[in-house]
Amino acid sequence: MRFNTCLQWKVQNYELVEILKELVIAGTVKEQLKILKDLKETHLKNEEVNVNSELSSYVIYILVDLYLSSKIKCPLREGVSRILRNLTDKPKEMFHQEMRDALTLRLKEDDRSLYKYNFYANVMISCFESFSFDNLVTIAVENDILLFIDDALTLCNEMLRTENSLEQLTVTKISKCVHSVTQLCVSIIKKLRTPYHDMFKLHALNLAKNELIPLDTRCICGFLMVLSCNKQDYQELMKEIHSVPSDLTKISLYSGILNTLPYWELVKEKDIPKLCNIYEVLFNSLLGIQARNPTCKVIIVGVSRIMLLLIKSIQHNPEGVVPLLPKLLDYIWANSNQHLDSVKHTNILIMELLIKLHAKEVDILKPIYHKMLVTPFWRSAKYLALLSLVQMGMQVGEILSSCPDLIVNILEEIKSCKESPTSQIVSSYQELMKKHYFEEKDEKKWTNIWIKPLLEAFHHCNNVSLKLILVTAINLKPSIVEDIINSEHSSISTILTCLNLCNENNFFQCNTTTDNNKWKGVILYEILSEAAIHQSVSVRLSLLTLIVNSDKITKVYTTKELELIKKYLKHIFNISSDRVEQNFFTQLKKFLTRMWHSKCSLYKHVENTKDFTKTTAINQITEVEKEYKTFSKWLGQLCLDNLFPGANHLRKSLALQILVLCHDLNFWPMNEIIDLNEENGNIILSCLSDSYEFIKDLAMKLITTTPGLCPAFQDPDQVFYILKECINAGSSIRPSDSNTATYLLSTLASFQFSNFTITLIAEEYKECEKILQEAVPYQEKFCCLMVVLHHLRKQLIVAESSLLKAAATGPLYGLLSMARSLLRITDFKCLNNIHWHDLIQQIITVSFSCNHAVASIVNSSSPEGHLPMDLDLDQSIFQDEVVDLDDPKEVSSQMVLLCSWRTVKEVSLLLGEIVEKASISDEEKGGLLNKEDILKIGDHLITMLAETKHRGAFEQAYIGFCKLVSRLWRSSQQDLHQVPKKWLQETMQEIQSEGTLCATRRSAGIPFMIQALMCMELTEVKRSTMDECMDQLLKIAEDQNLSFETHTHALNIMRALFRNSVLHTVISPFVERAIVIAIIGFSASTWAERNSATLLFSTLVVRVFGVAKSKSHILSWKNKMTGRIFFQRYPNLF
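Residue numbers (numbering that gives the first Met the number 0): 0 to 1133.
As structure tokens, then:
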């Protein structure tokens, strides 16, 4: 847009200048359009134009310049177009003149680029479509347009002809330009109807022959060619087309003929034989093209489109289709099972047009009918033909008499489909059934023919297609619902499915039956009660869905419905399927929501009820509320009863999820669902010792959000006792004990501590006295952290003197896990306090020391069987360890390893938690961390990733490092923002310099480090240094002068990057070179390099062909690719 050009004019009108400045600085398109509309209203009225034509011409110039300079789909351009279209009289004439001059000026520009030709071609096309120019305006620029078209098409032809190996991107740009320019040619020819130019024909023919251009664009070229030479006789044109060797070129030219020339121009007056002859020639030629290219998708799609055009053209003479009919039906039948959707849809349109040609003189139905009878049921063409025959009025009874097993076979085909059956199969059954319903007067006979086989199919296979058919049947004859229920052959599953379908489609709304023994007057409650305890989980779930779903969310549940729900819920705790569990909770949420809304609607009804009926309404709501309260209390007690000692994981999780759902919905207070007493509190509290963390999370959430559930957490003595027990359990050598202690301490810290409680704790732990002297945010969590830190220092002293003692008596990881859990439930935004700042600094320092104490184990090349005295050091410093081995409490290498790698894990996650949430003093005032802290943590994590050999340790270090890098990429401080890039460069230099990095264990943490730096950049700042990094790695792997360790590092890093889904898009261009490197690596001299190359190659196979969709040895079609497509994507591998 050239706003600034407008401002450079010597416009005397100060008001206009100010308006133009506003246009330049406007922030949104809406504001710009408002300014332009005001300009139009002010300066483009007829009276204003007559008074100040120069000023009006300036406004017209601005509008035209904006229109011609903006992108095609720009919202501002659309708004300007509407303004220009609404001009009248004198302003309209000025607009036409300005548009002519502007187009002439732009078309004479010296810029010979594809972008320029494509852009202005689209601009002129939109001009012709949007504005009703006089022919004089178009003729005035005709020569310039023709010259522009000739230059554009010449450039495209030259580029396609002279450059042998064009990149795909360049070919796409050329194709877009050709598409736009040839469309402009067609518009010019149609609008001006001027003598046709030979240059159009020559350009169009050359482009239509080019194999690099897409078929759609080549078809437009064929269209243009026919337009350019339509004065020729069609036979000469056909001869010219038949001389073309390329089948795609023939398709594009056939498209031009059939799109351009109607049938009366293809033949002389009333020369019907010639008409039939040319269509037969075209038809046979198309069949030959598809026969020669049976696997080419482009040709198959192109032939189907031309066939459709041919049938459309032949509509004017139905007799012309008779000689083509046998082969045409064979073509339709062959394409009915095509996997290309566009071909299948085109096939259906061809069949519909063919059916319309049926007349007394031309019998189309009979051949279709006979071919349908002999077609197997697995062919889609059979159902396409059935639909067509029914739509043309053929009697269903006649079809059934000729094919008596039709219904059974259709249902068998629906049942046998592993995937969803095609819509044609279902539609054919529905249409036949509907039409036969109106043909057959005996409803019982109709039911036996259509409904009975359907119900039998339902009994064996209950899929979506059969449900759709059953809905259609019920719409036709609602009374079949009762027949289904009363039938001896109907299973409970079929009955419930039928009832659910009726319920979903509101078929029970008109049912006025008041039988209290039947649900909605349809089915006995006894039958539904049996379904509630049915052995099939899906049947029970169908019953719940039936009771819960209603057309109104305010509909009150009846007593018998609540009894059914109770019976169902008693047997729900044996669910073993995640899918069924998810569906159950969806329905349970609906059930509880409807309970609440129905109760609220009754209260609202009472408010709007007149005085003489209010008593009845109040009695009703009292009764309903009493039933609902009784049910909610029963539900809560049922959940508590299923939390008994020894209950399995599924039972506990389901019971806790129901209680949490009731709490989250907040429809009733928790004291109306469960009794808030010590007994129930202990039941839920015992779930914290479960081995599944999911159950621990649910129990912790329930305890912390339900006041009064655990009274012990309010008693100072009990709080102090629980705190000490948590510390003791957290020091256990069993990870399960320390994990339970972590959850228990986090739960305890979520409750408010009284002053007496803090005083009691401070008496033993002097560090907590500062809480009594000064207000500290989150004093409960602060107090617990100080206690944890106190004991952690004690264990650290033991670990620094004897790691064997620490592993046996006080492993560090339990207390570190407690500290991390306490920080996780703390809001760091509120920790603007000097005491919290000091505490965070202490935690960071202690974490570094803990990691240093166990580093010798996890950094060992073989940490699994490593003991501290195994190091090549002065053995005198390990004399304590040697003595301790004779202790009755035996310490194994596995215990030392467990202590070590879990400590490294907790340190990494703890530091990651801090850097992710804590404020930085350089970014905001009163930050908990400063720049030095961030860099120290970063250096520490990098060292861990570079030196740690234990996989579990460096995988957890990777998580913490990702959090750190993510925070740095988001940092507003430029020096912090550049740190990850600096780390990446230093790591790449270290790899190339053949430094101290170890290549064992697949380069250990080095690939994780590179992966974190690159992925977090792409996630946070939406850009990547991938190109630079991958280029370095590929060059390292290709350089034969470097050591095998350097090659191994490069291969292992590339494997990690190619496996990462976040980098999928940006890393795809490097697949080709990586495959070559991996294959060359198979013949490397060292086993380490060969192994890494093999692993990289398997990763690349997954990246190219996708993750295996089948676990069997049979390869899924989703993991296959044709050789043509593979080598199109990776041409250098050919």
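Here a beta-carbon is modelled for each residue, glycine too, at the ideal position from N, C-alpha and C.
Quantities reported herein were computed from a predicted structural model and do not represent experimental measurements.
Inset, instruction - Determine the DSSP secondary structure at residue 449, reduced to helix, strand or coil. - result: Taking the sequence shown and counting its residues from 1, one reaches residue 449 at position 450. In the three-state reduction of the DSSP assignment, residue 449 falls in the helix class.
Inset, instruction - Note the first and the last residue of the continuous alpha helix (DSSP H) segment covering residue 574. - result: Start at 1 with the first residue of the sequence shown, and residue 574 comes out as number 575. No alpha helix (DSSP H) holds residue 574; DSSP gives it neither H nor E.
Inset, instruction - Can you check the segment 919-987 for any alpha helix (DSSP H) of at least 4 residues that lies completely inside it and give the ranges in chain order? - result: Secondary structure in the segment 919-987: the alpha helix (DSSP H) runs of 4 residues or longer, each lying completely within the stretch, are 930-946, 950-969 and 973-976 in chain order.
Legend entry - CA nearest to the CA of residue 1210, picked from 840, 498 and 1055: Beyond the ends of the chain as shown, which are 0 and 1133, falls residue 1210; an answer cannot be given.
Legend entry - Cutoff 6 Å; reference residue 1124; Cβ partners in own chain excluding five residues on either side: Locating residue 1124 in the sequence shown gives position 1125, counting from the first residue. Correct list: empty, nothing qualifies.
Inset, instruction - Measure the C-alpha to C-alpha separation of residue 479 and residue 473 and round it to an integer number of angstroms. - result: If you number the sequence shown from 1, residue 479 lands on position 480. If you number the sequence shown from 1, residue 473 lands on position 474. Distance between the alpha carbons of residue 479 and residue 473 is about 6 Å.
Inset, instruction - Put residue 1119 into one of helix, strand or coil per three-state DSSP. - result: For the purposes of this step, residue 1119 is taken as the residue at position 1120 of the sequence shown. Residue 1119 falls in the coil class under three-state DSSP.
Legend entry - Contiguous alpha helix (DSSP H) assignments of at least 4 residues, all confined to the segment 263-341: Counting only runs of 4 or more, we get 271-291, 296-312 and 324-334.
Legend entry - Terminal residues of the alpha helix (DSSP H) in which residue 646 lies: Counted from its first residue, the sequence shown places residue 646 at position 647. Residue 646 -> no alpha helix (DSSP H), and no H or E assigned at all.
Legend entry - Beta-bridge pairing of residue 518 - partner residues as DSSP gives them: For this step, residue 518 is matched to residue 519 along the sequence shown. Answer by DSSP bridge pairing, in chain order: 522.
Inset, instruction - Return the CA-CA distance between residue 1101 and residue 1030, expressed in angstroms with no decimal places. - result: Residue numbering aside, residue 1101 sits at position 1102 when the sequence shown is read from its first letter. Residue numbering aside, residue 1030 sits at position 1031 when the sequence shown is read from its first letter. Straight across, the Cα-Cα distance linking residue 1101 with residue 1030 is about 21 Å.
Inset, instruction - Spatial neighbours of residue 122 within its chain, please: CB distance less than 7 Å, with the 5 preceding and 5 following residues excluded, ordered by chain position. - result: To locate residue 122, count along the sequence shown from 1; it is residue 123. 67.
Legend entry - Collapsed DSSP secondary structure at residue 243 in the structure displayed: The residue labelled residue 243 in the question sits at position 244 within the sequence shown. Under the three-state reduction of DSSP, residue 243 is assigned to coil, being neither helix nor strand.
Legend entry - C-alpha gap between residue 1068 and residue 1038, whole angstroms: Taking the first residue of the sequence shown as 1, we reach residue 1068 at position 1069. Taking the first residue of the sequence shown as 1, we reach residue 1038 at position 1039. A straight-line Cα-Cα distance of about 20 Å links residue 1068 and residue 1038.
Legend entry - Residue range of the unbroken alpha helix (DSSP H) whose run includes residue 366: Along the sequence shown, read from residue 1 onward, the residue named residue 366 stands at position 367. Note, residue 366: alpha helix (DSSP H), 364-373.
Inset, instruction - Give the straight-line distance between the Cα atoms of residue 288 and residue 307, rounded to the nearest whole angstrom. - result: Numbered from 1 along the sequence shown, position 289 holds the residue referred to as residue 288. Numbered from 1 along the sequence shown, position 308 holds the residue referred to as residue 307. Straight through space, the alpha carbons of residue 307 and residue 288 are spaced by roughly 16 Å.
Legend entry - The alpha helix (DSSP H) enclosing residue 228, as first and last residue numbers: Along the sequence shown, one-based indexing puts residue 228 at 229. From DSSP, residue 228 is part of no alpha helix (DSSP H); its letter is neither H nor E.
Legend entry - residue 58 vs residue 42 beta-carbon contact at 7 Å: On the sequence shown, residue 58 is found 59 positions in, with the first residue counted as 1. On the sequence shown, residue 42 is found 43 positions in, with the first residue counted as 1. Between residue 58 and residue 42, the CB-CB gap stays under 7 Å.
Legend entry - Through-space distance from residue 340 to residue 119, alpha-carbon basis: Working through the sequence shown from its first residue, we reach residue 119 at position 120. Working through the sequence shown from its first residue, we reach residue 340 at position 341. Looking at the two C-alpha atoms, the distance is approximately 35 Å.
Legend entry - Residue from 989, 690, 978 and 616 whose Cα sits closest to the Cα of residue 647: One-based indexing of the sequence shown puts residue 647 at position 648. That would be 690, whose Cα lies nearest to the Cα of residue 647.
Inset, instruction - Please confirm whether residue 746 and residue 688 have their CB atoms less than 7 Å apart. - result: The residue you call residue 746 lines up with position 747 of the sequence shown. The residue you call residue 688 lines up with position 689 of the sequence shown. Not a contact, by the Cβ cut-off of 7 Å.
Legend entry - Alpha carbon of residue 802 to alpha carbon of residue 1005, nearest angstrom: Translated into positions along the sequence shown, residue 802 becomes position 803. Translated into positions along the sequence shown, residue 1005 becomes position 1006. Roughly 27 Å between the two C-alpha positions.
Legend entry - For residue 465, the nearest candidate out of 411, 446 and 504 (CA to CA): The residue labelled residue 465 in the question sits at position 466 within the sequence shown. When the alpha-carbon of residue 465 is set against those of 411, 446 and 504, the nearest one is in 411.
Inset, instruction - Could you check if residue 707 is buried or exposed, using at least 16 other CB atoms within 10 Å of its CB as the buried criterion? - result: Numbered from 1 along the sequence shown, position 708 holds the residue referred to as residue 707. Counting Cβ neighbours within 10 Å, residue 707 comes out exposed, since fewer than 16 surround it.
Inset, instruction - For residue 726, I'd like the list of residues in its chain whose CB is within less than 6 Å of its CB, leaving aside the five on either flank, ordered along the chain. - result: As a working mapping, residue 726 is identified with position 727 in the sequence shown. Around residue 726: 790.
Inset, instruction - Check whether the Cβ atoms of residue 755 and residue 712 sit closer than 7 Å, and answer yes or no. - result: In the sequence shown, counting from the first residue as 1, residue 755 sits at position 756. In the sequence shown, counting from the first residue as 1, residue 712 sits at position 713. It is not a contact, given that the beta carbons lie outside the stated cut-off.
Legend entry - Candidates 337, 184, 935 and 334, of which the one nearest residue 146 by Cα: For the purposes of this step, residue 146 is taken as the residue at position 147 of the sequence shown. Nearest of 337, 184, 935 and 334 to residue 146, Cα basis: 184.
Legend entry - For residue 427, the three-state DSSP class (helix, strand or coil): Within the sequence shown, residue 427 is the residue found at index 428, counting from 1. Residue state for residue 427 is assigned as helix, using DSSP reduced to three classes.
Inset, instruction - Would you identify the three-state DSSP class for residue 57, choosing helix, strand or coil? - result: Mapped onto the sequence shown, residue 57 falls at position 58. Look at residue 57 here: in three-state DSSP terms it is helix.
Legend entry - Residue closest to residue 796, alpha-carbon to alpha-carbon, out of 849, 835 and 820: On the sequence shown, residue 796 is found 797 positions in, with the first residue counted as 1. Ranking 849, 835 and 820 by Cα distance to residue 796 puts 849 first.
Legend entry - Outcome for residue 246 when other beta-carbon atoms lying within 10 angstroms are tallied against a minimum of 16: Counting from one through the sequence shown, the residue named residue 246 turns up at place 247. So residue 246 counts as buried.
Legend entry - Inter-residue spacing [alpha-carbon to alpha-carbon] between residue 983 and residue 974: Counting from one through the sequence shown, the residue named residue 983 turns up at place 984. Counting from one through the sequence shown, the residue named residue 974 turns up at place 975. Residue 983 and residue 974 have their C-alpha atoms roughly 15 Å apart.
Legend entry - For residue 33 and residue 964, the rounded distance between their alpha carbons: Position 965 of the sequence shown, counted from the first residue, corresponds to residue 964. Position 34 of the sequence shown, counted from the first residue, corresponds to residue 33. Straight through space, the alpha carbons of residue 33 and residue 964 are spaced by roughly 45 Å.
Inset, instruction - Report, in whole angstroms, the separation of the C-beta atoms of residue 655 and residue 698, which I expect to be a contact under 8 Å. - result: Residue mapping note: residue 655 aligns to position 656 of the sequence shown, counting from 1. Residue mapping note: residue 698 aligns to position 699 of the sequence shown, counting from 1. The pair is a contact, with the Cβ atoms about 6 Å apart (cut-off 8 Å).
Inset, instruction - Name the residue from 92, 716, 489 and 240 whose alpha carbon lies nearest to the alpha carbon of residue 203. - result: Along the sequence shown, one-based indexing puts residue 203 at 204. Of 92, 716, 489 and 240, the smallest CA-CA separation from residue 203 is found for 240.
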